[in-house]
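Residue numbers (my numbering), protein chains in the order written: chain A, 3 to 207; chain B, 23 to 344.
This report concerns only the one structure given below.
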Amino acid sequence: MQVQYKPKRNLLETILHTEIMQGMALTLKRLFSKPITRQYPQEKPPIQLGFRGQHALVRDPETGGSKCIACMRCVTVCPSRCIHIRYQVDEEKNCRVVESYDIEALRCVYCGFCEEVCPVNALVLTEVFEYAAYDRESIFFDQEKLLKNWDDFAEMKGSAINNYVNPFWRPRGLPEKYLAAAKRVNVPEEWTVEGQVVGHLAKEQ
Amino acid sequence: MQVIIILIEILILFAIVMLHVAYATYFERKIIGHMQVRMGPMRVGWHGLLQPIADGIKSFFKEDIVPEQADRITFRAAPIICLVAMMTSLAVLPFAKGWVLADINIGLLFIFAMSSLASYGVILAGWASNSKFTFLGGLRSMAQVISYEIAMGLSLVGVMMLSGTLNLTKIVEAQGGSFTGMYVFPQIIAFFVFFISMLAETNRVPFDLPEAETELVSGYCTEYSGMRYAIFFMAEYIGMMVMASIGTICFLGGWNGPFEVSIFPPFWFVLKVYAFMFLFIWIRATLPRYRYDQLMSLGWKLLIPLALANIVLTGLFKAIIG
Chain A
3 MQVQYKPKRN LLETILHTEI MQGMALTLKR LFSKPITRQY PQEKPPIQLG
53 FRGQHALVRD PETGGSKCIA CMRCVTVCPS RCIHIRYQVD EEKNCRVVES
103 YDIEALRCVY CGFCEEVCPV NALVLTEVFE YAAYDRESIF FDQEKLLKNW
153 DDFAEMKGSA INNYVNPFWR PRGLPEKYLA AAKRVNVPEE WTVEGQVVGH
203 LAKEQ
Chain B
23 MQVIIILIEI LILFAIVMLH VAYATYFERK IIGHMQVRMG PMRVGWHGLL
73 QPIADGIKSF FKEDIVPEQA DRITFRAAPI ICLVAMMTSL AVLPFAKGWV
123 LADINIGLLF IFAMSSLASY GVILAGWASN SKFTFLGGLR SMAQVISYEI
173 AMGLSLVGVM MLSGTLNLTK IVEAQGGSFT GMYVFPQIIA FFVFFISMLA
223 ETNRVPFDLP EAETELVSGY CTEYSGMRYA IFFMAEYIGM MVMASIGTIC
273 FLGGWNGPFE VSIFPPFWFV LKVYAFMFLF IWIRATLPRY RYDQLMSLGW
323 KLLIPLALAN IVLTGLFKAI IG
């Protein structure tokens, strides 16, 4: 195939530089358009539904601790293996007790599988994304830190935290009967399979 | 007494031009930013208004590095040659009636001489740095300046023929105060040639081959740092302003405008120069760089014949009419 680099022009167009003028008109038009720059530290980006940011363990208002039952599902599903849980079995109550819950956030790929798979909605990826630090230790989250992350996030959200529902807590496309009881939460309409707008539908909108 | 007055005038001109250079960089960044749907400098001061001052302080206090293999004396002299040559041509520019430091009869020739001298600075910088990028930049600059100087000189011959003088003040006066008196109308071909060679003379896009970032890092000033680099930068912007002033004086009627502004006589001159500067920036935001052979063939095969034809046409016109 022969590519024609130079479009055909007549003499008048060559003399008057019509193509250059078109380009100049375009740049002049853009001069008066609104810049798309966001002045970041002063102007925060809008957080979209399903944003996956800093990790947190939801603080259970009843017990004051985490909701985690040490089922190890998050550890199993984690593709980067950044979650480590140690637990003991309480023979009397016949349940597991979490000894330590650590997330190496530096290894995390923020896939959100852990919060999807958690049967009690104990784990959440919050909307906090500004937690860069100067040392690795402060991005290694143990249980206290993860709970504190939740407190910070709750403070950021204010009263909206009381009916906060992370959309990943209810995985898409699963019928209600396959979900654990705690995961049958009400998520926003646009998060459900029927409600989400993708592909050509989004273009039409 | 005379000397002191002239010295004070020089100081005032120097200060004003330096301020203009600083803010020309600011407006260039701002305008190009907005043309690319960005914002340009925003942090230092309100909408980045103090950015040029911050840049100046930064480059002033930066370490001055001279490469080990460089020719030290030439390396140090090159930016100064550039700046001095460019600043000297400011002396003959008439900003308004009587607002000129040296009203000499060979003003136009003087400016050509000085802008050619400035290219020595560029070539010497390229040679003295002893690096391949700077050397290529210097070579390109030499070839470009030689080719386009001819076209530019020839394009202004038409203006000299019409006005019958080389004195810049007299050229403005010869055009008269009326709109139709501007030489841009009878000398439209010359203006076209002049405008393109003006871009090439000042190493601006689309003719910025001597400092082509994508291929030569930064061309002739690759090895320079700190204040010496800033001096090249200043020389380039003063060169732009001098060329814009020449365009204004020779083609757009200098300080004459639709009405007199008695409190500030150079009002129209300054306005026209700003318009030229905006055009420079606008073109930079729009056009890509020429290829080297395209640059040469444009200069030698199109602009020089056009300028020569313009001289012949002007001569014939003068012989028939006047």
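For each residue, glycine too, the CB sits at the ideal point set by N, CA and C.
Leaving out five residues before and five after residue 119/A in sequence, what residues of the same chain have Cβ atoms less than 7 Å from its Cβ?
75, 76 and 79
If you compare alpha carbons, which of 128/A, 202/A, 173/A and 163/A is closest to residue 54/A?
128/A
Using a cut-off of 7 Å between C-beta atoms, extract the partners of residue 39/A located in chain B.
60 and 61
Report the three-state DSSP secondary structure of residue 97/A (helix, strand or coil).
strand
Can you confirm whether residue 32/A, when its beta carbon is compared against all beta carbons of chain B, has any partner nearer than 8 Å?
yes
Local Cβ density within 10 Å of residue 122/B, reported as buried at 16 or more and exposed below that
buried
Limits of the unbroken alpha helix (DSSP H) element including residue 14/A
13-18
Candidates 247/B, 62/B, 311/B and 185/B: which alpha carbon is nearest residue 227/B's?
311/B
Buried or exposed, going by whether 16 or more other CB atoms sit within 10 Å of the CB of residue 84/A?
buried
Interface residues of chain A around residue 109/B at Cβ under 9 Å?
Going along chain A, no residue has its Cβ under 9 Å from residue 109/B, so there is no contact; the nearest lies around 31 Å.
I think residue 118/B touches residue 288/B, with their Cβ atoms under 8 Å apart; what is that distance to the nearest whole Å?
4 Å
Got a sec, what are the start and stop residues for the beta strand (DSSP E) residue 58/A sits in?
57-59
Tell whether a beta-carbon distance below 8 Å holds between residue 221/B and residue 162/B.
no
If you run the structure through DSSP and keep just helix, strand and coil, what is residue 90/A?
strand
Within chain B, partners of residue 29/A - CB distance below 7 Å:
57, 304, 307 and 308
In terms of alpha-carbon separation, which member of 49/B, 51/B, 50/B and 56/B lies closest to residue 31/A?
56/B
Express the C-alpha separation of residue 54/B and residue 281/B in angstroms, rounding to a whole number.
32 Å
Helix, strand or coil for residue 127/A, going by three-state DSSP, please let me know.
strand
Three-state secondary structure (DSSP) at residue 34/A?
coil
Assess, as a yes-or-no matter, whether the segment 230-246 of chain B is touched by the segment 148-156 of chain B under the definition of 3 or more beta carbon pairs within less than 8 Å.
yes
If you draw a straight line from the C-alpha of residue 158/A to the C-alpha of residue 108/A, how long is it?
23 Å
Output the distance between the C-alpha atoms of residue 90/B and residue 152/B, rounded to the nearest integer angstrom.
9 Å
Enclosing alpha helix (DSSP H) for residue 125/B [first to last residue]:
Premise fails: residue 125/B is in no alpha helix (DSSP H) and is neither H nor E.
Ignore the nearest five residues each way along the sequence and tell me which others in residue 256/B's own chain have a CB closer than 7 Å to its CB.
43 and 105
What in chain A is Cβ-close to residue 183/B, meaning under 9 Å?
Under the 9 Å cutoff, chain A gives no residues; its nearest Cβ is about 24 Å from residue 183/B.
Listed by chain order, chain A residues near residue 64/B by CB distance under 7 Å:
41
From residue 49/B to residue 298/B, what distance separates their C-alpha atoms?
13 Å
Is the beta carbon of residue 218/B less than 8 Å from the beta carbon of residue 325/B?
yes
Does the segment 125-144 of chain A come close enough to the segment 103-117 of chain A to have 3 or more Cβ pairs within less than 8 Å?
yes
Taking DSSP as the reference, what is the three-state secondary structure of residue 178/A?
helix
Outcome for residue 149/A when other beta-carbon atoms lying within 10 angstroms are tallied against a minimum of 16
buried
On the three-state DSSP scale, how would you describe residue 68/A?
strand
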